[in-house]
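If you're matching them up, the sequences are chains Y and X in order.
Using our numbering, the first residue of the first sequence is number 830, and each one after it goes up by one.
Using our numbering, the first residue of the second sequence is number 430, and each one after it goes up by one.
Structure, as structure tokens:
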Amino acid sequence: GAVVSQHPSRVICKSGTSVKIECRSLDFQATTMFWYRQFPKKSLMLMATSNEGSKATYEQGVEKDKFLINHASLTLSTLTVTSAHPEDSSFYICSARNPNLGRGISNYGYTFGSGTRLTVV
Amino acid sequence: SQKIEQNSEALNIQEGKTATLTCNYTNYSPAYLQWYRQDPGRGPVFLLLIRENEKEKRKERLKVTFDTTLKQSLFHITASQPADSATYLCALEELAGRRALTFGSGTRLQVQP
Numbered sequence: 830g831a832v833v834s835q836h837p838s839r840v841i842c843k844s845g846t847s848v849k850i851e852c853r854s855l856d857f858q859a860t861t862m863f864w865y866r867q868f869p870k871k872s873l874m875l876m877a878t879s880n881e882g883s884k885a886t887y888e889q890g891v892e893k894d895k896f897l898i899n900h901a902s903l904t905l906s907t908l909t910v911t912s913a914h915p916e917d918s919s920f921y922i923c924s925a926r927n928p929n930l931g932r933g934i935s936n937y938g939y940t941f942g943s944g945t946r947l948t949v950v
Numbered sequence: 430s431q432k433i434e435q436n437s438e439a440l441n442i443q444e445g446k447t448a449t450l451t452c453n454y455t456n457y458s459p460a461y462l463q464w465y466r467q468d469p470g471r472g473p474v475f476l477l478l479i480r481e482n483e484k485e486k487r488k489e490r491l492k493v494t495f496d497t498t499l500k501q502s503l504f505h506i507t508a509s510q511p512a513d514s515a516t517y518l519c520a521l522e523e524l525a526g527r528r529a530l531t532f533g534s535g536t537r538l539q540v541q542p
């Protein structure tokens with residue numbers, strides 16, 4: 830259980846265009862999802878916390894107008910990279926907290942999507 | 430805010446040996462400490478979680494310890510196999526606020542056959 834599906838897995842876009850990345854919780858409801866980005870051989874850096882039905886909370890230094898997050902339902906959060914530039918090229922990963930955590934069931938921690946490799950040319 | 434350090438960027442060991450990875454953190458607040466495995470081009474996969482009041486947690490060939498005095502966690506893989514080769518990430522989840530994970534930079538483990 831607790832599967833997160835992320836789509837697309839890989840995208841190449843031209844500079845100045847926008848790209849939407851989707852993250853779906855397949856067998857559970859996720860009121861909160863998290864978006865990370867990861868540079869080569871670096872760790873995951875939290876970009877924003879996506880809250881169902883309300884505005885996302887962005888980390889310091891992350892442009893909210895650049896990285897638009899929408900969490901319109903309990904199973905879907907989207908990240909749109911607007912007016913993408915080559916420096917936005919990165920690996921973007923979403924995650925959701927396993928709802929079974931803390932209920933005496935095995936400790937599953939957080940579930941991550943498989944990631945999206947964005948290349949802006 | 431938390432700062433997580435995994436002080437080995439890479440670790441090479443022989444098949445069958447025990448791999449030991451270290452995770453140190455700076456600040457303290459009630460937290461769950463978690464270990465994840467990440468393969469190239471993939472998202473992290475959850476391995477183990479240990480709570481602040483637990484000293485040790487085991488799962489098959491994996492063992493995690495959590496020393497809140499030293500602010501350190503050790504992650505062991507016993508009887509290591511080439512298939513264990515991956516990057517291992519340590520992460521802290523603080524129990525207040527937004528409860529997102531703060532990750533260490535990872536240790537790339539290579540198990541030689």
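Positions of the beta carbon are idealized from the N, C-alpha and C atoms, including for glycine.
- Query: Helix, strand or coil for X:Asp496 per DSSP?
  - Reply: Position 67 of the second sequence, counted from the first residue, corresponds to residue 496 of chain X. In the structure shown, X:Asp496 sits in a strand (DSSP, three-state: E or B).
- Task: Establish whether the CB of X:Phe475 and some CB of chain Y are separated by less than 7 Å.
- Result: Locating residue 475 of chain X in the second sequence gives position 46, where the first residue counts as 1. Chain Y contact via Cβ: present.
- Item | Coil, strand or helix - Y:Glu881 by DSSP | Walking along the first sequence from the start, residue 881 of chain Y turns up at place 52. Correct three-state label for Y:Glu881: coil.
- Query: If we ignore side chains and look at the alpha-carbon of each, how far apart do Y:His914 and Y:Glu892 end up?
  - Reply: Along the first sequence, one-based indexing puts residue 914 of chain Y at 85. Along the first sequence, one-based indexing puts residue 892 of chain Y at 63. Roughly 13 Å separates the two Cα atoms.
- Task: Return the chain-ordered list of same chain residues with a C-beta closer than 6 Å to the C-beta of X:Leu462, the five sequence neighbours on each side being excluded.
- Result: Residue numbering aside, residue 462 of chain X sits at position 33 when the second sequence is read from its first letter. So the list reads Ile479, Phe495, Ser502 and Leu521, once near-sequence residues are dropped.
- Task: Give the interface partners of X:Ser534 over in chain Y, defined as CB-CB distance under 8 Å, in chain order.
- Result: For this step, residue 534 of chain X is matched to residue 105 along the second sequence. Within 8 Å Cβ-Cβ: Lys871 and Ser872.
- Note down the Cα distance separating X:Phe504 from Y:Lys871, rounded to an integer number of angstroms. Translated into positions along the second sequence, residue 504 of chain X becomes position 75. Translated into positions along the first sequence, residue 871 of chain Y becomes position 42. When rounded, the distance between both Cα atoms is 20 Å.
- Considering only C-alpha positions, which residue in the set X:Gln443, X:Asn436 and X:Glu434 is nearest to X:Ala508? Position 79 of the second sequence, counted from the start, is the residue given in the question as residue 508 of chain X. Per the Cα distances, X:Gln443.
- Query: Name the residues in the stretch 935 to 950 of chain Y whose C-beta lies less than 8 Å from a C-beta of chain X; which are they?
  - Reply: Asn936, Tyr937, Gly938, Tyr939, Thr940, Phe941, Gly942, Ser943, Gly944 and Arg946
- Task: Report the residue from Y:Ala925, Y:Gly944, Y:Thr945 and Y:Leu947 whose alpha carbon sits nearest the alpha carbon of Y:Phe857.
- Result: Within the first sequence, numbered from 1, the residue matching residue 857 of chain Y stands at position 28. Nearest option by C-alpha distance: Y:Ala925.
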